[in-house]
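With my numbering applied, the sequence shown corresponds to residues 315 to 455, in that order.
One structure is given here, and the rest of the page talks about it.
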Amino acid sequence: MTKKKRRQQVEARTEGKEKIYRGKSIDDLKKLDIRESAKILPSRSRRSVLRNFDVIEKFISSCEKKTGRGKRIKTHLRDIVIVPGLVGFTIAVHNGKEFQEVQVTTEMIGHRLGEFAQTRTKVTHSSAGIGATKGSKAKKK
Numbered sequence: 315m316t317k318k319k320r321r322q323q324v325e326a327r328t329e330g331k332e333k334i335y336r337g338k339s340i341d342d343l344k345k346l347d348i349r350e351s352a353k354i355l356p357s358r359s360r361r362s363v364l365r366n367f368d369v370i371e372k373f374i375s376s377c378e379k380k381t382g383r384g385k386r387i388k389t390h391l392r393d394i395v396i397v398p399g400l401v402g403f404t405i406a407v408h409n410g411k412e413f414q415e416v417q418v419t420t421e422m423i424g425h426r427l428g429e430f431a432q433t434r435t436k437v438t439h440s441s442a443g444i445g446a447t448k449g450s451k452a453k454k455k
């Protein structure tokens, strides 16, 4: 089964359901202050949010401004913790070479943006060239 088909099946199952994170609806969490919504995050994420809440607030406000103007949200900030205020945005995260589109969903809360923009790709090697192996030298003559 391909990833696309699997994603469609999961979306079909959860289509009518309300999005919930740790027993609270996303709409309720979006209304809370960032520091208050950090209380339900895992400890490592909570610590990061509480120490950098001003950076996260600034990032969320810039995201809202850019979507209001119809601009694409691009960022190099891979270490920002995803909070409920970011759910629903499509953010282009830099992976070192290019910007990868990341659509933020409820399952991503507590993780970092950089986790969803992979920096390394799988290497696919082609076949060896002529003369690269002893067997191919015989064919060359």
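Where a beta carbon is used, it is the ideal one built from N, C-alpha and C, also for glycine.
All values reported here derive from a predicted model rather than from experimental measurement.
Please list, in chain order, all residues of the same chain as L355 whose beta carbon is under 7 Å from its beta carbon, the five residues on each side excluded. V363 and G424
Are the CB atoms of Q414 and A431 nearer to each other than 7 Å? yes
Comparing alpha-carbon positions, which option in N409, D347 and R358 lies nearest K372? D347
On the three-state DSSP scale, how would you describe V369? helix
So, is the C-beta of I405 closer than 7 Å to a C-beta in chain C? Note that chain C does not occur in the displayed structure, where there is just one protein chain.
If we count the other Cβ atoms within 10 Å of its Cβ and call it buried at 16 or more, is I334 buried or exposed? exposed
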